[in-house]
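At position 43 of the sequence shown (counting the first as 1) the number is 798 in the working numbering, and the numbers step up by one without a gap. Idealized CB from N, CA, C, for every residue including glycine. What follows is a set of notes on a single structure, which appears directly below.
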Amino acid sequence: MTVEYDYVIAGGGSAGCVLAARLAENSSASVCLVEAGGKGRDIFIKMPAGNGFVFGNPKLDWGYNSTPQQKLNNRQIYFARGKALGGTSIVNGMIYMRGIPSDYDHWRQMGLQGWGYSDFLPYFKIGEGSVRRSPHHGNNGPLRVEPARNFGKLDQAFIKAAVATGHKSIDDFNGAYRTGVSRCDSTVYRGVRQSAAIAYLNKIPDNLTVLTDTHVTRILLRKEKAIGIETTNGKNILAGKEVIICQGAFGTPQLLMLSGIGEADHLRAHGIDPVLNLPGVGQNLADHLDVSIQYGSTRMDLSYAQHQRLDKAAVLMGRWLFNGSGPGGGSLFSTVLFHALEDPAMPELQVFMTPMIIDENFKNGENERVPFFQRLGRKLLVRGRKVARPGIQIDINQERPKSLGSVRLLSSNPLQYPMINPNYLADSRDLTELVRGVKDMRDVMAQASISRFVTKEQGAWADARTDKEIINAIRETAYTGHHPCSTARMGNDSDLGAVLDGELKVRGIERLRVCDAAAMPTQITGNLYATVVAMAEKAADMILGRRPLTPEDIGGGK
756 MTVEYDYVIA GGGSAGCVLA ARLAENSSAS VCLVEAGGKG RDIFIKMPAG
806 NGFVFGNPKL DWGYNSTPQQ KLNNRQIYFA RGKALGGTSI VNGMIYMRGI
856 PSDYDHWRQM GLQGWGYSDF LPYFKIGEGS VRRSPHHGNN GPLRVEPARN
906 FGKLDQAFIK AAVATGHKSI DDFNGAYRTG VSRCDSTVYR GVRQSAAIAY
956 LNKIPDNLTV LTDTHVTRIL LRKEKAIGIE TTNGKNILAG KEVIICQGAF
1006 GTPQLLMLSG IGEADHLRAH GIDPVLNLPG VGQNLADHLD VSIQYGSTRM
1056 DLSYAQHQRL DKAAVLMGRW LFNGSGPGGG SLFSTVLFHA LEDPAMPELQ
1106 VFMTPMIIDE NFKNGENERV PFFQRLGRKL LVRGRKVARP GIQIDINQER
1156 PKSLGSVRLL SSNPLQYPMI NPNYLADSRD LTELVRGVKD MRDVMAQASI
1206 SRFVTKEQGA WADARTDKEI INAIRETAYT GHHPCSTARM GNDSDLGAVL
1256 DGELKVRGIE RLRVCDAAAM PTQITGNLYA TVVAMAEKAA DMILGRRPLT
1306 PEDIGGGK
């Protein structure tokens, strides 16, 4: 069976949903969005506190695993990736955080005209529907944003402790200044998670066809021109104008390679005839490595973990079902600290404070046996296999790691997951940076305003005092910050590792673009969701031949 549309979008994730909605605004164009997962409307996707019902659920989470990481004691790292319309925006931490201006200005300095921060800011604003924010924000866009709801006593104590150790209290991470501590903004509105599908595809226009539960096997090519896609159900979907790949940092390079676009020798090794030798496909994988320090506490009354008891879980869910109120309608993370080791304009570390402790990396162990009254509640407000406990978790994310990895094929079977090697800590400078970060965060946690709520550090951190002991604890506990990118990156004409040009077009293939985190030239300082949405907003203008939005400048520092 064969059908044809003007534009075919392979992947209904964060970028795919935005692109589908924006391209369909051209009423004369026909658009088809193809997603391997479901419709993304499950109750626990909508409910912010229901993350544990999505994270690790094979119906909603692809559940990738890394290769054993040599520098992390040969541990495998679990990568949650959303498997439904909305993509990973159905399972992310719901933090609205752009990169810092210099991240995008660096892209422009790399020869990618139109991708500097002043060029990008109007696209952030057109996509954002912020509550209580101006002037650096948009107030009327589809992606609704509000201050993080679950901001309580421990959040306030952490901010006070950070300020006492010299960190600046700021009001808006996405404003003129980034380095400091503050309550963060959340992609939640009236108690509902704002996934890209919920935000952009609430109403499906007549000229947009959305196909779910449809897995793309390869891009259909005629010589060096994309003409459509092939799916596992035997359907060929042709594109009269363009094919746009939006399958994320892992799925996009895999699909390109399955289609004969990638390093020729690697493709031949898996029985795939190369169409285009493009060695950069699957290379330059960048991710934020997360070092997690856990502090015990006797204060269950201040911990999210209290909601795992059946009676309290029932109350939490009841309030949310009634009108979206209560802690069930808020994200897990409310307070963030950006820490600069050298230049205040370029913070190297993003630190999350969570008022409970959890084991988020699934490869660290199987499901923990729990009492009967916690079997429902254990999945509320958590992401992991083990029961949450009272305490404070400090997650130190390294923002611009020098260690880069790769995504490679394991076989030519499109249903087999690719081989993901983030190559964490391969560059020793990353480890040096993290050790400094651990010491600085310990100074914050030693302040009376926060230390009075906790007992001692847990697990591998309990007796880690020397640099050598801290390094051992990092190797034992670190996992992904859930921000993989740059595996099919943009670059200028002289960049031999670039897969895409500055208009997101695949080099050497006509009518084929990539728009998702894989296309990012480098890692950014912050969470990826807001940037991916803005990239898709900008890409829609490029694809439709619209004049770019007028550049803006926020002024002030970074």
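Please report how far the alpha carbon of residue i lies from the alpha carbon of residue j, in whole angstroms.
{"i": "L1092", "j": "I1016", "result": "41 Å"}
{"i": "T822", "j": "G837", "result": "20 Å"}
{"i": "R977", "j": "R1155", "result": "39 Å"}
{"i": "L1033", "j": "A1217", "result": "47 Å"}
{"i": "G1026", "j": "L956", "result": "39 Å"}
{"i": "Q825", "j": "R1191", "result": "22 Å"}
{"i": "V900", "j": "T1280", "result": "19 Å"}
{"i": "L1179", "j": "K1223", "result": "The sequence given here places Tyr at residue 1179; Leu does not occur at that position. Cα to Cα, the separation comes out at about 18 Å."}
{"i": "V1254", "j": "N1247", "result": "10 Å"}
{"i": "N1119", "j": "N895", "result": "Confidence is the limiting factor: at N1119 the pLDDT is only 49, short of 50, which leaves the residue's position unreliable and the question unanswerable from this model."}
{"i": "D1308", "j": "P890", "result": "11 Å"}
{"i": "A952", "j": "D1271", "result": "15 Å"}
{"i": "Q1005", "j": "S1204", "result": "In the sequence as displayed, the identity of residue 1005 is Phe instead of Gln. Their Cα atoms are separated by approximately 42 Å."}
{"i": "S1206", "j": "M1200", "result": "6 Å"}
{"i": "H1094", "j": "P960", "result": "44 Å"}
{"i": "P1099", "j": "L975", "result": "48 Å"}
{"i": "P897", "j": "R1074", "result": "26 Å"}
{"i": "N1176", "j": "S782", "result": "43 Å"}
{"i": "A931", "j": "M756", "result": "53 Å"}
{"i": "W820", "j": "N812", "result": "For the sequence presented, residue 820 should be read as Asn rather than Trp. Those two C-alpha atoms are separated by around 14 Å."}
{"i": "D940", "j": "I1226", "result": "32 Å"}
Tell me the DSSP bridge mates of residue i?
{"i": "M1108", "result": "T1090, I1149"}
{"i": "K980", "result": "R977, E1265"}
{"i": "P1315", "result": "As displayed, the chain neither begins before 756 nor continues past 1313, which places residue 1315 out of reach and without an answer."}
{"i": "C772", "result": "C772 is not bridged to any residue."}
{"i": "A994", "result": "Y760"}
{"i": "C787", "result": "V763, T964"}
{"i": "K1260", "result": "R1268"}
{"i": "G1037", "result": "Its beta-bridge partners do not exist; DSSP assigns none."}
{"i": "Q1049", "result": "Q1148"}
{"i": "N1032", "result": "G1017"}
{"i": "G1160", "result": "L1040"}
From the DSSP output, in three-state form, read off residue i for me.
{"i": "A1273", "result": "helix"}
{"i": "R796", "result": "coil"}
{"i": "T1305", "result": "coil"}
{"i": "P1008", "result": "helix"}
{"i": "L1044", "result": "strand"}
{"i": "P803", "result": "helix"}
{"i": "E780", "result": "coil"}
{"i": "Y1059", "result": "helix"}
{"i": "I1175", "result": "strand"}
{"i": "M1245", "result": "strand"}
{"i": "N894", "result": "strand"}
{"i": "G1003", "result": "helix"}
{"i": "T986", "result": "strand"}
{"i": "P902", "result": "strand"}
{"i": "L1170", "result": "coil"}
{"i": "Y932", "result": "coil"}
{"i": "E1097", "result": "coil"}
{"i": "G1120", "result": "Residue confidence for G1120 is low, a pLDDT of 42 falling below 50, so the modelled location carries little weight and cannot support an answer."}
{"i": "L1022", "result": "helix"}
{"i": "E1212", "result": "strand"}
{"i": "I1298", "result": "helix"}
{"i": "S924", "result": "strand"}
{"i": "K937", "result": "In the sequence under discussion, the amino acid at residue 937 is Ser, which differs from the Lys named in the question. Three-state DSSP puts S937 in a strand."}
Does the separation of the CB atoms of residue i and residue j fall below 8 Å?
{"i": "A1273", "j": "P1008", "result": "yes"}
{"i": "S769", "j": "S844", "result": "yes"}
{"i": "L963", "j": "V786", "result": "yes"}
{"i": "T1232", "j": "S1047", "result": "yes"}
{"i": "Y762", "j": "E997", "result": "yes"}
{"i": "L1251", "j": "K1260", "result": "no"}
{"i": "I800", "j": "R948", "result": "yes"}
{"i": "Y878", "j": "T942", "result": "no"}
{"i": "L1040", "j": "G854", "result": "no"}
{"i": "R933", "j": "E1292", "result": "no"}
{"i": "G807", "j": "A835", "result": "no"}
{"i": "R1163", "j": "G1037", "result": "yes"}
{"i": "T1090", "j": "R1230", "result": "no"}
Do residue i and the ligand GDP come close, with the Cβ less than 7 Å from some heavy atom?
{"i": "T1277", "result": "Summarising the ligand content, the structure contains no ligands, and the ligand GDP is consequently not present."}
Check whether chain D comes within 8 Å of residue i, counting only Cβ atoms and requiring the distance to be less than that.
{"i": "M1245", "result": "The structure shown contains no chain D; it holds only a single protein chain."}
Runs of beta strand (DSSP E) wholly within the segment 815 to 888 (minimum 3 residues, chain order): 883 to 885
Continuous alpha helix (DSSP H) assignments of at least 4 residues falling wholly in the segment 939 to 979: 951 to 955
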